[in-house]
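Asker: Take the sequence shown: its position 406, counted from the start at 1, is 1667 in our numbering, and no numbers get skipped. Note that CB positions come from ideal geometry on N, CA and C, so glycine has one too. Computed from a predicted structure; not experimentally measured.
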Amino acid sequence: MHRQADSQRECCSDEACYSGLRNRYFEGKRLTADAFRVEQDYLIDRRRLLNRAIHGWGVVYGFAIKAPRAEQGEGRALGIGSGLALDACGRELVRVRAGAVGLDAVVVLDAKGRRVSPDDPDRRDEKEPSHDRAECDDDCWLLSVHYAEQPMDPVDLHDPCSCERKEWDHVCETVRFSLRPIRCDACCATEECGLACECGTGPCCDEHANDKTAREAERSATHKPRQPVQRGGCRCLCDHLTGLQLDEDCGCLTEIDERCGRVRVDLHHGVPLACVKLQRDDCGNWGFGDDVEACGPRRLVKRNDLLFDLIRGCDLTRISAIGWAPWHRRDALVDYGDFQASFGQENPVKSGRNVTRDYWVEFSRPVRVDTVKPDCFSMTVTIAEDEAGWGESRRVPIIDVITSGGPDPQHITRAVLVVEAGWAEDATVKRHKIFNKDEALVEIAVFGDFIIDCNGQAVDANAVGLLPAPTGNGTPGGTFHSNFRVAQSDA
C-alpha cells in the first residue's frame, strides 16, 4: 500500500507545474541558485499576471513629453518626464528621473516593428498602403516606451574545475524608447471598445412570466424584488471575460548593443506615449521636431479613484449659471412687467434684434463657439385656449446668440439669446397680446447634445431637481428643462 502511494507521488512530481511553482521550505533543505530562481520567477510571474488581468496596460501616470527647445540646434532632444506604465505583459515600466532623450538614444523600428538604422529614417515598410511618404519632414512617428533589462555589477567566478567565467550580479529593470512610422490621422484615432456584445441566449436571458404557477405569481406580486438596471446584458460580460485572452508571448527580449554594454529590450510590447515629427538641422542631421501630440495615441490605465470621478462626470462641462434663475420652477407667478423687461430693448435701433436681458447661460468650461447656435435653445409660451381647456403653444423666435468669454476666439463661456424685435413688441407691448387672456406657462430648453466643450464632449445639461445650476447627472449631453408661470397682463 505504501509502495503504491509512493509510486503515485513520484508520478505526480514528474508533471510540470505551469500554474505557479514555488519553494516549500523545511529544515535541511538545500538552497541552490535554481531554488532562488524558482522563488523569484513565481513572485514576478504572479505579479505580472495580476497586473495584466486586473489593471490592463498603458500609462499609469507621468511620462510628460516636452518639445525640443529652439535654441538646441543640432541634436534636438525631447524632454521626457518620470512615470509609470504597465505593458501588455504586466511588466512595470518605471522611469525615475526626467531628462532629455535624443534621436541617438531611441530604437528606430519600421512599420512591422523591425529594427532599422537610426541614420536612415526614410526607410519604410514597402507594403504599408496608406502612409504618406512624400516628405519625411511631414511624416509622423509613434514614440513608445519599452521594458528593458540591463545587467549590472560583473563578478568573476572560479569553478571547482579551475574554469574562470564572468556573471552579472544584478539586473536593472529599466526602459528604452522607440520610434516607428504611423499615419498622422491615426495619432488621434479613438480607441475602439474592447467590450463587444452579441445577443444573449439561455435560461437567464429568457422571460418566464408565462411559465409561473399561480402561487409563484401571487408571491411575486406580494414581494416585488428590486431589479436594478443590468449593464452589459444578461451574458455580455460573462462571455467577454470567458473568452478574454491575455498576451502570453512575453518571453522574447531583443539584445541591443549600447555604448555601455548590452541591453535586452522587449520591442513587441511597447506602450505608446506620443506622436512626433522629425526634422533635419542646418547640417542635415535628424532630430525631433516641434510638433508633439502627447495625448492622442496614449493608452491610459485608469485608477479606481479616477474611474469614480469619471462616473460622477468630473470631466464634463456643465451649465454653471442662467439669467432667469430666480424664476426657475418657482410656484409664484412672475410679474408681467418683469417678464416684459426680460426681453430687453431693440439694440441697435431699427436693427430688428432684441438682445435679451435675462435669457443667458454660462458654462463651467469653455465650449466651441461654432457649436453654439440658435437651435441649441428653445423657448415656448403656452396659454389656455378659449374652448376645451387645451394649452396653445407658441414658439419664441430666437434669431441669434451673442457669445463672449473664453480663452480664445474659438471658445466661449457665455451665450445671450437674441429674439426678433418685432415679435417682442407684438407679443409683450401691444394692446392685443396673448398675455391678456390668462396666465402663461413659459418653457425654456437648452440642448446640451448640440454644444461641444473644449475637450470635444457634449455639455452635461441635464437638469437636477429644483436647482437652476449647476446642471448635470454625470453623462454627456442631455437637455436642461426650465419653466415658470407669468401672471396675466394688466392691459
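Using DSSP with H/G/I as helix, E/B as strand and the rest coil, what is serine 1391?
Answerer: Any answer about serine 1391 is weak, because its pLDDT of 36 lies below 50 and its placement is not dependable; what the coordinates show is given next. Serine 1391: coil per DSSP, three-state reduction.
Asker: Buried or exposed, going by whether 16 or more other CB atoms sit within 10 Å of the CB of aspartate 1721?
Answerer: Classification for aspartate 1721: buried.
Asker: Would you identify the three-state DSSP class for phenylalanine 1708, choosing helix, strand or coil?
Answerer: Correct three-state label for phenylalanine 1708: strand.
Asker: What first and last residue would you give for the beta strand (DSSP E) that runs through glycine 1548?
Answerer: Here the beta strand (DSSP E) through glycine 1548 covers 1547 to 1554.
Asker: So valine 1628 packs on isoleucine 1705, CB below 8 angstroms; how close in whole Å?
Answerer: Not a contact, Cβ separation roughly 18 angstroms.
Asker: Tell me whether glutamate 1700 sits in a helix, a strand or coil according to DSSP, three-state version.
Answerer: Three-state DSSP puts glutamate 1700 in coil, outside helix and strand.
Asker: On the three-state DSSP scale, how would you describe glutamine 1301?
Answerer: Helix, per DSSP.
Asker: With respect to the alpha helix (DSSP H) encompassing glycine 1598, which residues constitute its N-terminal and C-terminal limits?
Answerer: Glycine 1598 -> alpha helix (DSSP H) spans 1597 to 1602.
Asker: Count the other C-beta atoms from every protein chain shown that fall within 10 angstroms of the C-beta of serine 1743, then say buried if there are 16 or more, exposed otherwise.
Answerer: It is buried - the Cβ of serine 1743 has at least 16 other Cβ atoms within 10 Å.
Asker: Tell me the DSSP bridge mates of tyrosine 1754?
Answerer: In this structure the chain extends from 1262 to 1752, so residue 1754 is not present and cannot be described.
Asker: Just to confirm the assignment, what range does the beta strand (DSSP E) spanning threonine 1740 have?
Answerer: Its beta strand (DSSP E) spans residues 1740 to 1747.
Asker: Indicate the three-state DSSP secondary structure (helix, strand or coil) for valine 1630 in the structure shown.
Answerer: If DSSP states are grouped into helix, strand and coil, valine 1630 belongs with the helices.
Asker: Arginine 1492 to serine 1639, Cα distance in whole Å?
Answerer: Cα to Cα, arginine 1492 sits roughly 33 angstroms from serine 1639.
Asker: What are the partner residues of asparagine 1615, as DSSP defines its beta bridges?
Answerer: Glu1607 and Val1680, per the DSSP bridge assignment.
Asker: Starting from isoleucine 1659, trace the alpha helix (DSSP H) in both directions and tell me its first and last residue.
Answerer: It is not in any alpha helix (DSSP H) - isoleucine 1659 instead sits in the beta strand (DSSP E) that spans 1659 to 1665.
Asker: Quick check on DSSP: helix, strand or coil for tryptophan 1588?
Answerer: DSSP places tryptophan 1588 in helix when its eight states are reduced to three.
Asker: Go to isoleucine 1572, then tell me how far its alpha helix (DSSP H) extends in each direction, as first and last residue.
Answerer: Element bounds for isoleucine 1572: 1565 to 1573.
Asker: If contact is defined by three or more beta carbon pairs under 8 angstroms, each pair taking one atom from either stretch, is the stretch 1307 to 1319 in contact with the stretch 1342 to 1356?
Answerer: Short answer: they touch.
Asker: Could you name the residues of the same chain whose beta carbon sits closer than 7 angstroms to that of serine 1569, not counting the 5 residues immediately before and after it, in chain order?
Answerer: The sequence shown places phenylalanine at residue 1569, not serine. Once the five neighbours on either side are set aside, phenylalanine 1569 has no close Cβ partner at all.
Asker: Which whole-angstrom value describes the C-beta separation of glycine 1323 and glycine 1342, a residue pair presumed to lie in contact below a C-beta threshold of 8 angstroms?
Answerer: Indeed, because the Cβ distance is near 6 angstroms, the residues count as touching under 8 angstroms.
Asker: Along the chain, where does the alpha helix (DSSP H) that runs through aspartate 1500 open and close?
Answerer: Taken as a continuous stretch (DSSP letters only), the alpha helix (DSSP H) holding aspartate 1500 covers 1497 to 1503.
Asker: Rounding to the nearest angstrom, what Cα-Cα distance links serine 1750 and aspartate 1699 in this structure?
Answerer: Taking the straight line from one Cα to the other gives about 8 angstroms.
Asker: Tell me whether asparagine 1471 is buried or exposed, calling it buried when 16 or more other Cβ atoms sit within 10 Å of its Cβ.
Answerer: Confidence at asparagine 1471 is low in this model, with a pLDDT of 48, below 50, so its placement is unreliable and no value can be given for it.
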